[in-house]
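Below is one structure, written out as structure tokens; the observations come after it.
Here is the structure:
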């Protein structure tokens, strides 16, 4: 009888221990702060492509610019104009978020400070369209000649693309910011948080500068 009693006591203790462990795990899960869940879920989105833009420059080509004894005026001096197209995208890597990126102001209001938005040129090879060809007696450039001239001016072209991209950077970051906020809204709603999203200081300053320039 004592053995049966001891066995039953041990069985009851085991059940109580398992129930206590299950309740503890449930309580621990329920007690995870919403701010911590926000950090975990935002980090899981990782590196997002948020906006894309096409960078356009126009290159003027006149391989016979110097001519010979002024004959180019006689035979026509119209230049070849080529449109060069590249593409750039804006990314934000949310895996870079840390606990310091989220500041709780009230029970359900937090400030979320984003990492810098990265703007990256996607296409190293430029697509090109001929906008204007020489007229008169001037010979048109063949495709091979045009490709060779573009290759020979690659350093200059890269500089022009970089300059054009800088002019588009503010608008690109502004679009990326709006897209990112929309992507995060479902997380905010699920956690019942009011979140104020803040751009990196340099990105916010660039957007403000682009707005001022537009005005």
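Numbering (my numbering), first residue to last: 230 to 444. Note that the Cβ used here is the ideal one computed from N, Cα and C, for glycine as well. Keep in mind the model is a prediction, meaning the values are calculated, not measured.
The Cβ-Cβ distance between residue 284 and residue 393 falls below 8 Å.
In terms of Cβ geometry, residue 321 and residue 407 do not form a close pair [threshold 8 Å]. When Cβ pairs closer than 8 Å are counted between the two stretches, the segment 420-437 is seen to touch the segment 329-339, the count reaching three or more. Bridge pairing for residue 433: absent [DSSP]. Taking residue 357 as the centre and dropping the five residues before and after it, the same chain places the C-beta of 311 and 313 closer than 6 Å to its C-beta, in chain order.
The three-state secondary structure of residue 362, taken from DSSP, is coil. Taking 8 Å as the cut-off, the Cβ atoms of residue 272 and residue 323 count as close.
Between residue 419 and residue 343, the C-beta spacing is not below 8 Å. Counting along the chain, no alpha helix (DSSP H) covers residue 340; the unbroken beta strand (DSSP E) around it starts and ends at 338-342.
Following the DSSP letters along the chain, one finds residue 334 in no alpha helix (DSSP H), marked with neither H nor E. Linking residue 262 to residue 340 through their CA atoms gives a straight-line distance of about 15 Å.
Non-local beta-carbon contacts of residue 400 in its own chain, meaning distances under 7 Å to residues more than five positions away in sequence, involve 439 in chain order. Of the residues 379, 414, 282 and 431, the one whose Cα lies closest to the Cα of residue 351 is 282. Just measuring C-alpha positions, the residue of 385, 308 and 319 sitting nearest residue 346 is 319. Judged by DSSP in its simplified three-state form, residue 346 adopts coil rather than helix or strand.
Residue 270 and residue 377 have their alpha carbons spaced roughly 50 Å apart. If you ignore the 5 residues before and after residue 325, its C-beta comes within less than 6 Å of the C-beta of 344, all in its own chain and listed in chain order.
Per the coordinates, the alpha-carbon of residue 380 lies some 9 Å from the alpha-carbon of residue 386. The alpha-carbon of residue 391 is positioned some 31 Å away from that of residue 413.
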